[in-house]
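Numbering (the numbering used here), first residue to last: 2 to 214.
The beta-carbon is built from N, C-alpha and C at its ideal position, and this holds for glycine as well.
Predicted, not measured: the structure shown is a model, and the values here were computed from it.
Structure, as structure tokens:
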Amino acid sequence: MQSALIKSLKDIFSIDVIKFIVKVAFSSFVIMIIIFAIFWQQYSSFIASLASYVPFLGHYSWFNEGVAVVAAPFIAYGIILALISLLTSIFSPKLLIKLAKKHYGIEGRDNSKISEVIKVNLKATLKFFGLTILLLPALFVPILGQIVMLLLWAVLLKEPTEYDIKSLFNIDNAKSSQIVSIIAASFNYIPILNVFSALFAQILFLHFILSKK
């Protein structure tokens, strides 16, 4: 894993990767920020209404108000990351194939289907939001809340990352994708680098798997 991590960190700051991030991830991030800035009041009210369905705490007004202030930005951030993850899955195959050829001399082939890519990402997104709603109380607990956030972000990355690499290199082994997703999700705590998380997960998983072939 250490070797795969070092190679991935070098790749993530290469010209090709930075160009990809600027085109896909960063543009998506900016567009969604503008949309949320315009419709934030309506969105925040909607999230507060959803909080009323949370078991045990949903009937307390202070909890609903707290969710609108604290959890709404986190969920909005999750929506932005979900969009970046989807667009990364759709547009990254050529870049990943190029990296595999460069480092391992392996010829990849894009066998992914756009419908399946959307399905896998949508499934991960729904799982992310479902768990977020269930675990909302934990997000308010110091330290524990940060750990829960990290694991939730990892859920958002895990299955799309597995599908992307499997479809490109015909690989069935995905045992390490959980730890890969957690490492990549930690990028979400770092401004600017957060837009790299989905692609970094793909590149890290690629190196970990192909280095063993």
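Counting of Cβ neighbours within 10 angstroms places H208 among the buried residues, the total reaching 16 or more. Around the beta carbon of G106, a 10 Å sphere encloses fewer than 16 other beta carbons of the protein chains shown; the residue is thus reported as exposed. Between I81 and M150, the CB-CB gap reaches or exceeds 8 Å. DSSP places P138 in the helix class (H, G or I) of the three-state scheme.
Here A38 is exposed. Its C-beta has fewer than 16 other C-beta atoms within 10 Å. Under the 10 Å beta carbon count, W154 is surrounded by 16 or more other beta carbons and is classified as buried. Annotation for D165: the continuous alpha helix (DSSP H) segment containing it runs L145 to F170. Of the candidates I144, A125 and I13, the residue whose Cα lies closest to the Cα of A83 is A125. I193 sits in coil when the DSSP states are folded into three classes, being neither helix nor strand.
Excluding five sequence positions before and after Y164, the CB atoms of its chain that fall closer than 8 Å to its own CB belong to S90, S113, E117, V118 and V121, given in chain order. Runs of alpha helix (DSSP H) with 4 or more residues, each lying fully within the segment 46 to 128, are found at 62 to 92 and 94 to 105, listed in chain order.
Ranked by Cα distance from S29, the first of F170, N195 and F129 is N195.
Here the alpha carbon of A185 sits roughly 21 Å from the alpha carbon of F170. Leaving aside the five residues that flank N65 on each side, the residues in its chain whose CB is nearer than 7 Å to its CB run, in chain order, A49, A52 and S53. If you ignore the 5 residues before and after S9, its C-beta comes within less than 6 Å of the C-beta of I204, L205 and H208, all in its own chain and listed in chain order. Secondary structure of S182 (DSSP, three-state): helix.
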